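Asks: Quick note on this note's numbering: the sequence shown kicks off at 10 and runs consecutively.
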Amino acid sequence: MDRAEVFSDYSGTVHQYNASGERFRIRGRCQSACTLFLAIKNACIERSAALRFHAGSSPISTARMMEAYNARLRNYLNAGNYMNSSAFHTISGSDMTSRFGYKECPPR
């Protein structure tokens, strides 16, 4: 599967959830393209989740990933140069909600 197909797969899911308004839970380890789910309007993040960020395979794919993130997260990732390398930078679910303004998932 090439990178365009990966983005297409995630974009379809984002569109589907944004159209339905259904809640989308981010839990466990979410790395790389999974972070594109942050573009879902009704996404929530479990406090125990771990989101792992890194540069895309090209400047275009990195830019597409950054578009999925809110301004606070983009600024943080840019300031730390975390999207300039293929090395993972992990942010906890609790930090995603408290520092970057994403919704916390309600208990199940």
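Virtual Cβ for every residue (Gly too), placed ideally from N, Cα, C. Just so you know, these numbers come straight off a predicted model, no measurement behind them.
Counting pairs of beta carbons, one from the segment 86–96 and one from the segment 59–70, are three or more of them closer than 8 Å?
Replies: yes
Asks: Distance check for Arg56 and Pro68, CA to CA, integer angstroms please.
Replies: 30 Å
Asks: Looking only at its chain, what residues have a beta carbon closer than 6 Å to the beta carbon of Lys112, apart from the 5 residues adjacent to it on each side?
Replies: So the qualifying residues of the chain are Cys53.
Asks: Look at Phe46 and Cys39 and say whether their C-beta atoms are less than 9 Å apart.
Replies: In this structure, the beta-carbon distance from Phe46 to Cys39 falls below 9 Å.
Asks: Could you say which of Asn79, Ser41, Met75 lies nearest to His98 if we only look at CA atoms?
Replies: Ser41
Asks: Quick one: grab the DSSP three-state call for Ile35.
Replies: strand
Asks: First and last residue of the alpha helix (DSSP H) that includes Ala80?
Replies: 80–88
Asks: Tell me the residue span of the alpha helix (DSSP H) that contains Thr44.
Replies: Neither: Thr44 is in no alpha helix (DSSP H) and is coded neither H nor E.
Asks: What is the residue span of the beta strand (DSSP E) that Ala52 lies within?
Replies: 52–54
Asks: Taking the continuous alpha helix (DSSP H) assigned at Arg117, which residues delimit it?
Replies: Per DSSP, Arg117 is not a residue of any alpha helix (DSSP H), being assigned neither H nor E.
Asks: Three-state secondary structure (DSSP) at Arg73?
Replies: helix
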